[in-house]
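Shown next, in structure tokens, is the structure this report addresses.
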């Protein structure tokens, strides 16, 4: 009896964890690659795989539909996928072209929907879709070959998706690159099965008791993804310049400076988080801004500091948007360089046009006056007025310092705070008072 009881106890102890294991649900995380492969998609994949590790996902499924994108970003995504310790399966529900084909081949298993395609991985540049120089094609061929070899797929076929010159008997003729349909991919080992849903993939892999979670970006990450766009970057540059200008025009109101600082943060932080903005590029930007401020407020005239400031500022604004390795642009598409340059120069030019043609009018609009404190504290309304500035309208004097646009003027042997509406006035030039704002004089150059 004792032996029977002991055997029964051992049996129950051994059965308990097995029963729990049988009832535990597998965790499956889905991440979607349904857009261009670029720094935004790279960051999405990084965050998705970090989330998969955090929730201890047993399987990851990529829902794929893309025509490709930036080669360097695709390579980083491939490295992330191949370093991930749990199985990653890809479901090509429509297209896995170019960089999408490379990412698919990096996965442990490829599944395709009816009518899907995979291949056409020739590297192109610009909106015209012209083939990039051979160094790009050679780099892509190498990545495709090594990735296919590592996952047990035919490396020659993977190269044939890139190079139209490669000939493969009964598969590929010279003059075209390989693009497989679902049936062709099945036939030549670039697809495990034709499926219609992600659930069917799990069923084929005998995953029946599971929790399915689709990874989505949070609000802050969506903002970051939105901001990493050359057009948006150009607008932010315009706001940075415009905010600084209007703060100088109406000192102390705060809002333009707040807008400028906010735009600067929105410009820098997303590029930094996506690995594009390096420390030295950010430092170069601030050095350029400081040189420009020194030229405006400290150094008379316009010389070396101003020119150096402009060059450093424009150069750093462009470099921050590009995935260069300390001026190494070997694998940076020319289209990206052109877009970044136009965004930076366009933002600066737009800011300059706004300052020269709309600056004075904008500060007088109702919208601006609602943000700024523009009420006059007149004596007729019970306010005390500084008698030293009463009846100054129309008086003439000379600039005591350079006005750019703020500074000091000398009238009737008394020094006053003054500013212009964007006009540059050298020290010692004749000026005339055209307005009074609080205890500050608004002046302009005086002729005669």
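In the working numbering, the protein residues as written are 295 to 742. Here a beta-carbon is modelled for each residue, glycine too, at the ideal position from N, C-alpha and C.
- Beta-bridge partners assigned by DSSP to residue 735: 712, 730.
- Taking residue 354 as the centre and dropping the five residues before and after it, the same chain places the C-beta of 323, 346, 382 closer than 6 Å to its C-beta, in chain order.
- The criterion of a C-beta distance shorter than 7 Å is satisfied by residue 415 and residue 456.
- Taking 8 Å as the upper bound for CB-CB distance, residue 737 and residue 726 are in contact here, some 6 Å apart.
- Under the 8 Å Cβ criterion, the stretch 524–540 counts as touching the stretch 630–642, having at least three qualifying pairs.
- By the 16-neighbour rule on beta-carbons within 10 angstroms, residue 491 is exposed.
- With a threshold of 16 other beta carbon atoms within 10 Å, residue 533 meets it and is buried.
- Around residue 328, the same chain offers 357, 358, 359, 360 as residues with beta carbons nearer than 8 Å, after the five sequence neighbours per side are excluded.
- Spatial neighbours of residue 552 in its own chain (CB-CB distance under 8 Å, excluding positions within 5 residues in sequence) are listed in chain order as 537.
- Counted as a single uninterrupted DSSP element, the beta strand (DSSP E) harbouring residue 704 occupies residues 700–705.
- The stretch 493–513 makes no contact with the stretch 432–450: fewer than 3 CB pairs, one atom from each, lie closer than 8 Å.
- Secondary structure of residue 358 (DSSP, three-state): strand.
- Beta-bridge partners assigned by DSSP to residue 383: 355, 403.
- Scanning its chain for C-beta atoms nearer than 7 Å, with the 5 sequence neighbours on each side dropped, one finds around residue 734 the residues 711, 712, 713, in chain order.
- If you ignore the 5 residues before and after residue 443, its C-beta comes within less than 6 Å of the C-beta of 449, all in its own chain and listed in chain order.
- With fewer than 16 other Cβ atoms from the protein chains shown falling within 10 Å of its own Cβ, residue 707 counts as exposed.
- Note that the C-beta distance between residue 406 and residue 476 is below 7 Å.
- For residue 686, there is no enclosing alpha helix (DSSP H), as DSSP gives it neither H nor E.
- With respect to the 7 Å criterion, residue 321 and residue 351 are classified as neighbours on the basis of their beta carbons.
- Secondary structure note for residue 600: it is in no beta strand (DSSP E), and the uninterrupted alpha helix (DSSP H) holding it is 598–614.
- DSSP, reduced to helix, strand and coil, places residue 508 within a strand of the structure shown.
- In the structure shown, residue 719 adopts extended strand secondary structure according to DSSP, grouped into three states.
- Rounded to whole angstroms, the Cβ separation of residue 396 and residue 370 is 11 Å, and the two are not in contact under 8 Å.
- A distance below 7 Å separates the beta carbons of residue 614 and residue 565.
- In this structure, DSSP gives residue 323 an extended state, which the three-state scheme calls strand.
- Within the DSSP secondary-structure output, residue 697 pairs in a beta bridge with 719.
- The DSSP-derived three-state label of residue 363 is strand.
- A distance of 7 Å or more separates the beta carbons of residue 372 and residue 390.
- Remark: C-beta atoms of residue 470 and residue 458 approach each other more closely than 7 Å.
- Separation of the CB atoms of residue 581 and residue 606 is rounded to 6 Å, and the pair is thereby assigned contact status at 8 Å.
- When DSSP states are grouped into helix, strand and coil, residue 464 belongs to the coil group.
- Counting the other Cβ atoms within 10 Å of the Cβ of residue 398 gives 16 or more, which makes it buried.
- Annotated as distal: residue 349 and residue 386, with beta-carbon spacing of 7 Å or more.
- Residue state for residue 446 is assigned as coil, using DSSP reduced to three classes.
- Check the Cα spacing between residue 521 and each of 330, 559, 583, 493: the tightest is with 559.
- Only residues of its own chain outside the window of five on either side were considered, and among them 450, 453, 454, 466, 468 have a CB closer than 8 Å to the CB of residue 460, listed in chain order.
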